[in-house]
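Structure first, commentary second.
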Amino acid sequence: MKKRMVKALLATAVIGSVVMAGNMVAMADDEPITVTWFASRPVDGAIDLAIRQIAQQYSDEHDGNWNLEVITEADRPSYLQKLQTLISGGNMPDIIDIDATPYCQELVDAGMLVDVKQYLNDEGLYDKFEPTALAYQEFTNGTMYTLPLEYHVEMIWYNKEIFAENNVEVPKTMDEWLDVCQKLSDAGVTPISVDGVDRWPVIRYLAMMPFRETGNDYIIDLSEGNASMGDQTGRDGIEFFQKIGKYFQEGFAATDYATAQAMFLDGQSAMYYIGDWEIAAMQEAYENGTIDYFYLPTQEGALTGANEFCVNSGIGMAFNTETFDEKTKDFVNYIIENYGKIYAGMDQMTPIKSDLPEDHEFSDLYLKVRDDMGNIGEHFLKPWDCYLDSNTCTVVNDNALLLATGDIDEDTFVDMVDSALEEYKSGF
Amino acid sequence: MNGILKNKKAFLVFLLPALVFYLVSVFYPIAESIRFSFIKWGGLGPKQFVGLQNYVHLFKDKIFYTAFWNNLGYLVIVVGMQILIGLLLAVLLTYLTKGVTLIKTLYYVPCIITAVAVTQLFRSMYATQPEGIINQLLKAIGLGQFATSWLTNVKTVLVCVSIPEGWRYTGMYMVIFYAALISLDPEVCEAARIDGANGWQTLIRVKLPMIKEVMLLTLTMVLTGALRGFDIPFVLTNGGPGNVSELMSTYMYKKAFAGNQFGYGSTIAVFIIIESILVVCVLKVLFTGKDEREERRIQKEQRRMRRKGK
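Here the protein sequences line up with chains C and P, keeping their order. According to the working numbering, the first sequence is numbered sequentially starting from 1. According to the working numbering, the second sequence is numbered sequentially starting from 429.
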């Protein structure tokens with residue numbers, strides 16, 4: 001019995017080692033280079049398709065010896081958690097998507113990300129980009145480690161028919177906006193639909209008043225621990241947020257992105273805040289005159305004006321310093337050369353200056369928004385989740401929902417945010 | 429073949445692989461979690477030893493207490509549904525003569541549906557936009573004033589998040605209790621009937637005490653499972669809105685993976701482990717009757733005397 005067991009074990013060991021040796025020989029052969037991109041972009045969305053198209057072209061030009069592997073996690077909170085876990089485990093992908101957040105700063109400090117600003121300057125590609133698109137990607141100290149692939153304005157879409165039926169005009173100031181909401185609410189219309197599940201659309205409303213009053217200065221100070229949520233600007237933000245929160249649809253905390261948008265397009269809500277990346281969805285209703293848009297209303301005595309609102313270049317693309325070799329650099333340059341036209345041809349605003357492709361017909365809406373983008377001011381609203389550390393961000397995200405429904409009061413919210421910031425500052 | 433089964437060394441050889449796997453995949457991570465709870469680490473850079481700082485922070489953390497009490501509420505509902513309803517269904521099933529297997533299979537089906545599917549099912553049921561089946565039903569029978577957005581109403585969200593978990597495993601416990609009930613010696617129940625006990629008395633005074641061991645097992649499974657409940661609450665509401673439906677496991681996940689506080693997250697995990705162990709110990713004590721305890725004490729004494737006598 002013992003002899004047979006020993007024989008069996010030996011046989012397994014021999015076969016096992018032969019198989020492994022075979023594999024190693026196979027690996028020693030010339031294999032195509034694979035670059036992995038861990039992406040937080042919707043699958044089959046414009047960016048995903050554009051980059052894949054460019055990667056295919058690039059691969060063809062290099063006889064298939066190079067290819068891009070795209071792994072997508074479109075739900076942003078899950079993406080960030082997965083990214084953090086991968087990096088903690090020492091498995092950072094070659095290319096990642098990240099905003100210029102405190103976590104990104106930690107990666108920079110650990111030397112894990114390529115200095116994109118330096119790279120673009122070295123390659124002479126810096127001026128190929130729209131300046132605001134680049135400015136959005138920068139940290140407060142002016143350094144930039146992420147490459148923009150989008151360029152957006154965010155606006156408030158409104159239903160013209162509902163407005164006409166209820167005799168309300170497009171609001172020019174924040175107070176007028178609240179009045180319009182009240183009038184609509186009195187008439188039994190849901191004034192605003194919002195996606196509560198993804199949290200960020202709700203937080204936009206919290207960021208509006210502070211942006212009007214101070215630009216991004218308040219949130220920068222807050223995130224660095226030099227201001228309190230209970231300061232006047234913070235409270236102004238909270239108060240506006242509480243007022244407008246009353247006009248969100250019932251159960252907004254459980255409404256997802258698609259449902260909130262569908263509500264608006266079906267005429268079940270009068271207004272919907274979303275960026276120009278949804279032009280394709282808004283196209284038809286815009287063309288038959290049902291909907292239109294206006295930008296963030298102004299506030300008297302405010303720092304930022306009517307042509308200043310949320311302009312962003314989305315989550316940026318960052319590169320792992322360890323794997324940023326000649327082949328990857330060549331690919332990045334190739335992207336910058338070809339991305340603008342391809343992306344614009346998908347009815348998107350491109351952060352890379354380029355002429356519009358002639359073979360594609362652009363709608364009036366697209367051209368109008370493109371014009372608007374040429375007239376924006378110097379200040380742009382940068383989303384709060386780009387400034388706050390992960391823990392404070394989670395606290396704000398979760399509790400803003402309760403603040404909007406009136407389930408917690410202003411002071412409780414201020415305490416919670418200040419405690420989270422305190423934890424961050426004390427290095428907990 | 430018989431020789432192997434009698435050989436004690438053979439037992440060890442056959443048990444060893446599974447034991448090793450268990451140690452590596454369960455024990456070692458638990459030990460690491462305990463080690464991490466004394467460390468501060470954000471995922472990058474060096475790990476910093478901070479002693480009991482995380483534990484001190486834990487006992488001062490208001491949201492942790494919210495999560496703790498929420499977890500107890502969740503536990504009550506889940507245990508109530510799985511044990512009480514499971515037992516009720518099992519008892520009813522014992523009176524059934526035809527179609528037992530069919531009923532068992534149908535009731536067991538929820539256990540094998542994935543958690544995400546169950547979540548989607550209940551999310552749609554609870555929704556207001558488009559209107560879910562619960563609100564539709566309430567309006568149809570004239571109780572429209574109770575229709576609400578169940579998952580965002582702070583008064584109802586915790587209960588609504590607990591129900592899917594309770595519903596899911598009721599069938600499994602029904603099957604376990606049923607198997608236990610039908611394996612009972614029918615002569616004992618006969619004897620009780622002859623002594624004049626009616627159906628209800630037979631159930632409460634005779635049958636249930638006889639399945640005490642099974643009860644202990646199921647209670648252990650349900651309680652420890654409820655203390656670690658995660659998947660359905662996490663996907664349904666992610667502890668929201670605010671922290672109203674936050675459970676200890678979702679809070680642990682948030683702190684460790686969303687908030688990048690791996691040390692503090694591990695501390696919460698250690699708390700959950702200790703709580704689960706305590707619950708099981710308490711259960712064992714409760715279920716060990718006075719007679720059994722007396723018996724065990726006597727046996728211990730006898731062993732001691734024997735050893736002394738040697």
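By construction, the Cβ of each residue, glycine as well, lies at the ideal position given by its N, Cα and C atoms. As the structure is a prediction and not an experimental result, all values here were calculated from the model.
Q) Between which two residues does the alpha helix (DSSP H) containing W200 (chain C) stretch? A) Here the alpha helix (DSSP H) through W200 (chain C) covers W200 to T214.
Q.
What does the Cβ neighbour count give for W37 (chain C), buried or exposed, with the cut at 16 atoms within 10 Å?
A. buried
Q: Assuming V506 (chain P) and G594 (chain P) form a contact by the criterion Cβ under 8 Å, report the distance between their Cβ atoms to the nearest whole angstrom.
A: 5 Å
Q: Using a cut-off of 9 Å between C-beta atoms, extract the partners of T556 (chain P) located in chain C.
A: Q249, E250, G251, A254 and T255
Q. Could one say the Cβ of A686 (chain P) lies closer than 8 Å to chain C's Cβ atoms, at least one of them?
A. yes
Q. Taking only beta-carbon atoms, is I87 (chain C) less than 8 Å away from chain P?
A. yes
Q: Rank C:S88, C:T405, C:V6 and C:L9 by C-alpha distance to the C-alpha of Y247 (chain C) and give the top, closest one.
A: Checked all of C:S88, C:T405, C:V6 and C:L9; the closest Cα to Y247 (chain C) is C:T405.
Q. Closest Cβ-Cβ distance between L107 (chain C) and chain P: below 8 Å?
A. Closer than 8 Å: yes.
Q: Helix, strand or coil for S193 (chain C), going by three-state DSSP, please let me know.
A: strand
Q: Compare the C-beta of K437 (chain P) with all C-beta atoms of chain C and state if any pair is closer than 8 Å.
A: no
Q: Starting from S577 (chain P), find everything on chain C with Cβ-Cβ shorter than 7 Å and list it in chain order.
A: Neighbours of S577 (chain P) in chain C, taken as residues whose beta carbon is under 7 Å from its own, are E250, G251 and A254 in chain order.
Q: Could you tell me whether the Cβ atoms of N307 (chain C) and G377 (chain C) are closer together than 8 Å?
A: Cβ distance < 8 Å, so N307 (chain C) and G377 (chain C) count as in contact.
Q. Residues of chain C with a CB under 8 Å from the CB of F567 (chain P): which are they?
A. Per the sequence presented here, residue 567 (chain P) reads as Lys, with Phe not at that position. Correct list: empty, because the minimum Cβ distance to chain C is about 14 Å.
Q) Does the beta-carbon distance from Y151 (chain C) to E130 (chain C) come in below 8 Å? A) yes
Q | CB contact check: G560 (chain P) to chain C, cutoff 8 Å | A | The beta-carbon of G560 (chain P) is placed no less than 8 Å from the nearest beta-carbon of chain C.
Q. In three-state terms, what does DSSP make of K246 (chain C)?
A. Note: K246 (chain C) maps to coil in three-state DSSP.
**Q.** Residue span of the beta strand (DSSP E) that contains D292 (chain C), given as start and end
**A.** I291 to F294
**Q.** For E31 (chain C), the first and last residue of its enclosing beta strand (DSSP E)
**A.** Secondary structure note for E31 (chain C): it is in no beta strand (DSSP E), with a DSSP letter that is neither H nor E.
Q: With DSSP collapsed to three states, give me the class of L388 (chain C).
A: coil
Q | For H62 (chain C), the three-state DSSP class (helix, strand or coil) | A | coil
Q. So, do the region 154 to 165 of chain C and the region 285 to 295 of chain C have three or more beta carbon pairs nearer to each other than 8 Å?
A. yes
(Q) Looking only at its chain, what residues have a beta carbon closer than 7 Å to the beta carbon of V25 (chain C), apart from the 5 residues adjacent to it on each side? (A) Any reading at V25 (chain C) needs caution, since the residue's pLDDT is 49, under 50, leaving its predicted position unreliable; the model's value is listed next. Result list for V25 (chain C): empty, nothing under 7 Å.
Q.
When you compare the CB positions of Q510 (chain P) and Y597 (chain P), do they come within less than 8 Å of one another, or not?
A. It is a contact, given that the beta carbons lie within the stated cut-off.
Q | Whole-Å CB distance - T547 (chain P) paired with L664 (chain P), under 8 Å assumed | A | 5 Å
(Q) Output needed in chain order: residues of the region 464 to 485 of chain P with a Cβ under 8 Å from some Cβ in chain C. (A) K468, G470, G471, L472, G473 and H485
(Q) Which same chain residues end up closer than 6 Å to N671 (chain P) when comparing Cβ atoms and leaving out the 5 residues on each side of it in sequence? (A) I491 and T494
Q) Looking at the structure shown, is V25 (chain C) part of a helix, part of a strand, or coil, going by DSSP? A) With a pLDDT of only 49 at V25 (chain C), under 50, the local geometry of the prediction cannot be trusted, and the value read off the model is given with reservation. Of the three classes helix, strand and coil, the one that applies to V25 (chain C) here is helix, per DSSP.
Q: Provide the residue(s) that pair with Q476 (chain P) in DSSP beta bridges, ordered along the chain.
A: P:K468
**Q.** Y103 (chain C) at chain P interface by Cβ criterion, 8 Å
**A.** yes
Q: May I ask you to report which of helix, strand or coil DSSP gives H152 (chain C)?
A: Strand.
(Q) Counting C-beta neighbours from all protein chains within 10 Å, is the total for F574 (chain P) 16 or more, i.e. buried, or is it exposed? (A) exposed
Q) According to the neighbour-count rule (16 or more other Cβ atoms, all chains shown, within 10 Å of its Cβ), is F252 (chain C) buried or exposed? A) buried
Q. Using the beta-carbon of each residue, which ones in chain P are nearer than 8 Å to I408 (chain C)?
A. G670
Q | Nearest-angstrom Cα separation, counted from P93 (chain C) out to F324 (chain C) | A | 11 Å
Q. Taking contact to mean at least 3 C-beta pairs separated by less than 8 Å, is the region 80 to 93 of chain C in contact with the region 357 to 371 of chain C?
A. Segment contact: the region 80 to 93 of chain C against the region 357 to 371 of chain C, fewer than three CB-CB distances shorter than 8 Å; contact not assigned.
(Q) By the 9 Å beta-carbon criterion, what residues does the region 54 to 87 of chain C contribute toward chain P? (A) Result list: P77, L80, Q81, K82, Q84, T85 and I87.
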